[in-house]
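Protein chains in written order, with our numbering: chain W, 3 to 211; chain Y, 3 to 211. Note that the Cβ used here is the ideal one computed from N, Cα and C, for glycine as well.
Number of protein chains: 2
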Amino acid sequence: MARDTRQRILDTSLAMFNGQGEPNVTTNHIADELEISPGNLYYHFRNKDDIIEQLFTRYEERMDAALSGSPADRLPDLEDIWMQLHLVFETIWDFRFLYRDLLDILSRNRRLRTRFGRLVKRGTEKVEDVMRGMVRAGAMRATPTEIEATATNLLVIITFWINFASLRGDRDEQASIRVGIVQIMMLLSPSLRDAERVHLDTLTRIYLD
Amino acid sequence: MARDTRQRILDTSLAMFNGQGEPNVTTNHIADELEISPGNLYYHFRNKDDIIEQLFTRYEERMDAALSGSPADRLPDLEDIWMQLHLVFETIWDFRFLYRDLLDILSRNRRLRTRFGRLVKRGTEKVEDVMRGMVRAGAMRATPTEIEATATNLLVIITFWINFASLRGDRDEQASIRVGIVQIMMLLSPSLRDAERVHLDTLTRIYLD
Numbered sequence: 003m004a005r006d007t008r009q010r011i012l013d014t015s016l017a018m019f020n021g022q023g024e025p026n027v028t029t030n031h032i033a034d035e036l037e038i039s040p041g042n043l044y045y046h047f048r049n050k051d052d053i054i055e056q057l058f059t060r061y062e063e064r065m066d067a068a069l070s071g072s073p074a075d076r077l078p079d080l081e082d083i084w085m086q087l088h089l090v091f092e093t094i095w096d097f098r099f100l101y102r103d104l105l106d107i108l109s110r111n112r113r114l115r116t117r118f119g120r121l122v123k124r125g126t127e128k129v130e131d132v133m134r135g136m137v138r139a140g141a142m143r144a145t146p147t148e149i150e151a152t153a154t155n156l157l158v159i160i161t162f163w164i165n166f167a168s169l170r171g172d173r174d175e176q177a178s179i180r181v182g183i184v185q186i187m188m189l190l191s192p193s194l195r196d197a198e199r200v201h202l203d204t205l206t207r208i209y210l211d
Numbered sequence: 003m004a005r006d007t008r009q010r011i012l013d014t015s016l017a018m019f020n021g022q023g024e025p026n027v028t029t030n031h032i033a034d035e036l037e038i039s040p041g042n043l044y045y046h047f048r049n050k051d052d053i054i055e056q057l058f059t060r061y062e063e064r065m066d067a068a069l070s071g072s073p074a075d076r077l078p079d080l081e082d083i084w085m086q087l088h089l090v091f092e093t094i095w096d097f098r099f100l101y102r103d104l105l106d107i108l109s110r111n112r113r114l115r116t117r118f119g120r121l122v123k124r125g126t127e128k129v130e131d132v133m134r135g136m137v138r139a140g141a142m143r144a145t146p147t148e149i150e151a152t153a154t155n156l157l158v159i160i161t162f163w164i165n166f167a168s169l170r171g172d173r174d175e176q177a178s179i180r181v182g183i184v185q186i187m188m189l190l191s192p193s194l195r196d197a198e199r200v201h202l203d204t205l206t207r208i209y210l211d
């Protein structure tokens with residue numbers, strides 16, 4: 003049952019962090035919500051940062067899976083990219099507390115900072131791979147410099163999209179996640195060959211309707 | 003002399019915020035640095051947020067000027083955009099304390115949040131104008147949807163570039179500002195017509211050498 007309690011603490015913490023903002027939730031709040039004693043909580047986790055670190059491990063596994071899932075037997079097409087972006091933004095949505103207070107959380111914990119940096123690097127390389135694949139497939143036109151810069155720009159937008167949407171006053175965070183996916187596809191649009199560019203335009207219209 | 007003291011307080015605060023990080027600087031530190039009494043400082047400013055608000059006004063004026071400066075008598079070309087981006091990133095550099103802790107600072111002060119939101123909106127419209135101008139001049143190929151999305155993406159990257167560079171471990175903040183300018187130009191590159199795309203590639207090589 004100890005293992006159950008541990009998982010329940012993590013699940014409840016994630017829900018509370020996402021709902022109320024990580025800075026507003028203490029270990030006492032979490033224990034209260036679960037109707038367990040603070041001592042019981044401290045039996046499983048040293049402190050709130052320990053909980054965050056375990057949640058980060060879950061996040062990391064989800065993001066790793068999202069980054070891995072692309073066809074092995076053929077070059078990626080627009081639908082593959084769209085699907086993969088969905089998985090990435092779904093992960094961001096499920097761990098949105100992390101993205102909302104990313105700089106604070108990472109500045110408090112050097113290990114998480116290193117691990118997040120590694121994910122950004124992996125994501126950048128993944129985007130470069132996909133773009134090179136599309137150039138090979140004749141679906142995209144891009145120089146090596148453009149591929150490198152676009153991959154980095156894409157990671158900036160993915161990483162800070164939630165914060166930007168909130169800065170400019172978007173109220174519905176879940177709706178803004180949908181817009182984020184379109185923003186990323188539109189980042190790639192000008193590099194596409196004509197047929198793919200028109201195809202993307204159609205996909206986008208259907209998606210936003 | 004009161005006016006001089008007021009300006010000196012603002013100048014010193016800006017230098018200290020940029021150098022040490024705004025969260026690490028108190029009004030007492032600022033008074034110490036200026037060798038004035040805290041009472042004298044409080045004669046000019048109610049508190050630290052009041053100082054930040056006055057510095058924000060300076061920042062806003064600089065950014066407004068950077069956004070206004072484009073040729074009135076002809077359509078903008080690549081060099082105009084490059085020059086304007088320089089002014090924008092120079093402003094970001096001079097007020098980097100603001101960008102480093104943007105979300106914290108804006109969450110503490112609703113008025114600044116509104117003013118920053120207005121700047122983002124103005125910046126987005128400006129980029130859209132420039133891109134439409136380049137399409138008219140035959141230097142760029144972009145649909146209205148692409149123009150709108152690219153302008154927004156550009157603002158996300160400008161707003162969070164310093165934070166992203168620091169997250170991925172760039173040590174030299176001033177060097178990363180230079181890279182930021184190139185990242186933005188590369189965001190526009192795939193939309194350029196061939197001649198301009200080659201021209202931009204040349205400009206970028208010279209700039210980074």
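- For the pair Phe166 of chain Y and Glu130 of chain Y, the Cα-to-Cα distance works out to about 24 Å.
- Among the residues facing chain Y, Asn165 of chain W is included, as its CB has a counterpart in that chain under 8 Å away.
- Its chain contains Leu157 as the residues whose beta carbon lies nearer than 6 Å to that of Val122 of chain Y, once the 5 sequence neighbours on both sides are disregarded; these appear in chain order.
- For chain Y, the residues of the region 178-196 of chain W that bring a beta carbon within less than 8 Å of one of its beta carbons are Val184, Gln185, Met188, Leu189, Ser191, Pro192, Ser193, in chain order.
- Of the residues W:Arg199, W:Arg64, W:Arg134, W:Thr147, the one whose Cα lies closest to the Cα of Trp95 of chain W is W:Arg64.
- Per DSSP, Gly140 of chain Y lies in no alpha helix (DSSP H) and is assigned neither H nor E.
- Thr28 of chain Y is a Cβ neighbour of Lys50 of chain Y, given a cutoff of 8 Å.
- Counting every other CB atom within 10 Å of its CB across the protein chains shown gives Thr204 of chain Y a total below 16, marking it as exposed.
- For Ile186 of chain W, the uninterrupted alpha helix (DSSP H) segment begins and ends at 175-190.
- In chain order, Asn155, Val158, Ile159 make up the part of chain W whose C-beta sits under 8 Å from the C-beta of Ile159 of chain Y.
- Along the region 114-145 of chain W, the positions whose C-beta sits under 8 Å from a C-beta of chain Y are Arg115, Phe118, Gly119, Val122, Lys123, Arg143, Ala144, Thr145, read in chain order.
- Proximity of chain W to Leu108 of chain Y at the Cβ level (cut-off 8 Å) is accounted for by Leu169, in chain order.
- Between the region 140-153 of chain W and the region 142-152 of chain Y, the count of Cβ pairs shorter than 8 Å is below three; the stretches do not touch.
- Leu194 of chain W is bridged by DSSP to W:Met142.
- Straight across, the Cα-Cα distance linking Leu190 of chain Y with His31 of chain W is about 48 Å.
- Sequence-distant Cβ neighbours of Ala33 of chain Y in its own chain, meaning closer than 8 Å and more than five residues away, are Ser39, Pro40, Asn42, Leu43.
- Residues of chain Y whose Cβ lies closer than 9 Å to the Cβ of Phe162 of chain W are, in chain order, Val158, Ile159, Thr161, Phe162, Asn165, Phe166.
- Taking 8 Å as the threshold, the shortest C-beta distance from Asp34 of chain Y to chain W does not fall below it.
- The C-alpha of Phe97 of chain W is placed about 7 Å away from the C-alpha of Tyr61 of chain W.
- Secondary structure of Ile38 of chain Y (DSSP, three-state): coil.
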